[in-house]
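Taking the numbering used here, the leading residue of the sequence shown gets -2, the next gets one more, and so forth.
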Amino acid sequence: MGTIHTTEEQTPKLAWSGIMSYTMQSGRDSGLIDLEAQLAIKEKELKELQAVRVHQLESSLKKAQKECSSLREHHKQLREDFYFNLAVLDERDRELERYDVITARALTVNHNRKAELNQHQKQIANLEEQRAREAQERQEELSKNRHNSFQHRLQLDKLKRSMNAEIQNQIKEFDQMKLDSQRRIRDVEEQLVRQRQEMTATFDSELKQQEHEFNVKMDEMRAVVLSHEIKVKLLSKETEVHYQAHLQATEALETSKNLCQQIKTQLQHKDQEFKDTVAIKDKRIKELEEKLKRMETNMKKEKDEHSKKYEDMVLSLEKRNAQLELQHQANLKQLRKTEKQIIKLQKNIDVLAAQARCVQEDQQKAMEQKDETIQRLHMEVEATRTDWDHYIKQVSTEMVVKETEIITMQERETKLRAELEKNREQIERYKQELSAGLKRERALEQTRVQVELDCQRRYEDIKAEHYLSNEHLIQDLTDARDQAKAELKEKEQELQGLTALLHSVRTERDHAIQ
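As structure tokens, this is what we get:
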């Protein structure tokens, strides 16, 4: 009887230790569920942050590319305007060449007119020689005509000398004006060429420098974006590895649960064998087993509820926390109720403790195995927790590095925008310089046209004066010729009268002689 009493005292202690180990197992399961929920939340937050950062970087890259394309289009427009201005200058150069051709033609016309004047002078000389011959033939008869012709010749010589002097002076003035205009045109052309070369050189050098700097900055931006993409890929791979490790841990938990279930089934088989040997006490043991099964079903239901709550937690964090707290309170209440029921059952089981020693020993071995598996799983969970903490620290440091890189990128973006503003101001300044150069070019063109018009007007005036002087000279020569002819006719008539008189005198003399 003493031995039976000691075994009866040991049985409630063993049952109480089994129940406490079971409650510890349920608490560890709930801790694992909370850890998995935190892992899912952290993974989701990390993915969202990575997506936001990648989207921000892509948007900044697109903005930079748009600004680059707008600058290229603006540069293309400026280049087209510059080539258009060059074409306009080429057209003006062609017009200057055409004006040079016109002046050359005018010079040829002037030369031809000089040749005509020389021919007229030669004709006048021939006429003078002819008149001199006629005067020599009629020296005695036409002394007055010779004197008049000599005076006319002197006047003609004076007129020739004066006309030649005036023509030479006018030619000299015209040549001087032409040289001045050509010199001015050359100065204007040289000034335009210098300005064009300076503007093209400065504009091309600055554009090349800006394009080189922008290309270097674009390469840096691309390298930074590629490094971020590589980091994102590495982080995604690390998250996948941690997720696989988490899946392995969950599989290990499931295997441990399956082992527990197998152990429970073995216990049930042993209970059934024991029921066959002890027929009288089967009903009580069945009632106890039914109560245990109810408790297990309740625990399974609670686990199912926990899993459902875990799925609901993924959708919303606040509801999940509230449900977990409520479920924890309900579990505590139910554990208290089960403890009370276990105490009552222990009182009832004390009577049957001696017969159920073997079963309890087997259960104790199973519980020890279960404790070992739970301890091993707990160690694995601790290892995964340390890995997760290390991973969180690494991710936080990388996020800090990324934030610093993003800040540097933003600073670079501000610098690029400032440089773009400077480039725009420089382009506006170049536009103003181009407009000022065009204005100067127009003013020089107007002066050139005015000089050409003045030269043309002066040439026309000289031409008209020369033509009028030639007309007056020809008119004077024709008048002198007509007057000389009239005087010659009068002298011839006088000679004819004298010859007729002489002939009549001779006839009278002949008659008188006869």
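Don't be surprised by glycine CBs; every beta carbon is placed ideally from N, CA and C.
Since the structure is predicted, the reported quantities are computational estimates derived from the model, not experimental observations.
About 29 angstroms separates the Cβ atoms of His71 and Ile403, ruling out a contact at the 8 angstroms cut-off. DSSP, reduced to helix, strand and coil, places Glu137 outside both helices and strands of the structure shown, so it counts as coil. Counting the other Cβ atoms within 10 Å of the Cβ of Glu438 gives 16 or more, which makes it buried. Distances from the CA of Glu195 to each of Glu505, Leu431, His209, Leu450 were compared; the closest alpha carbon is that of Leu431. Contact annotation: Met406 and Leu46 have beta-carbon atoms that are not nearer than 8 angstroms.
The alpha-carbon separation between Glu462 and Arg454 amounts to approximately 12 angstroms. Within the model, the alpha-carbon separation for Glu377 versus Val398 is close to 31 angstroms.
Distance from Glu410 to Ser57 at the Cβ level is roughly 6 angstroms; contact confirmed, criterion being Cβ atoms closer than 8 angstroms.
If you draw a 10 Å sphere on the C-beta of Arg445, you find 16 or more other C-beta atoms in it, and that means buried.
Looking at the backbone, the Cα of Glu40 and that of Leu68 are separated by about 42 angstroms. Straight-line measurement puts the Cα of Gly434 at about 11 angstroms from the Cα of Arg191. It is roughly 25 angstroms from the alpha-carbon of Leu498 to the alpha-carbon of Ala481. Contact between Glu64 and Leu417 holds: their C-beta atoms lie close to 6 angstroms from each other, under 8 angstroms.
Taking 4 residues as the shortest admissible run, the segment 383 to 452 contains no complete alpha helix (DSSP H) segment at all.
Counting other Cβ atoms within 10 Å of its Cβ, Leu323 stays below 16 and is therefore classed as exposed.
Leu450 sits exposed, since fewer than 16 C-beta atoms from the chains shown fall within 10 Å of its C-beta. Taking a 10 Å sphere around the C-beta of Leu54, we find 16 or more other C-beta atoms and assign the residue as buried. One Cα belongs to Ala477, the other to Leu495, and the distance between them is close to 26 angstroms. Lys155 and Arg95 have their C-alpha atoms some 40 angstroms from each other. Across the set Glu287, His52, Asp473, Lys428, the C-alpha of Lys428 shows the shortest separation from the C-alpha of Arg76.
A direct Cα-to-Cα measurement between Glu125 and Glu491 gives close to 25 angstroms. The shortest C-alpha to C-alpha distance from Asn166 to any of Ile38, Asn115, Lys290, Ile459 is the one to Ile459.
Here Leu413 is buried, its C-beta having at least 16 other C-beta atoms within 10 Å.
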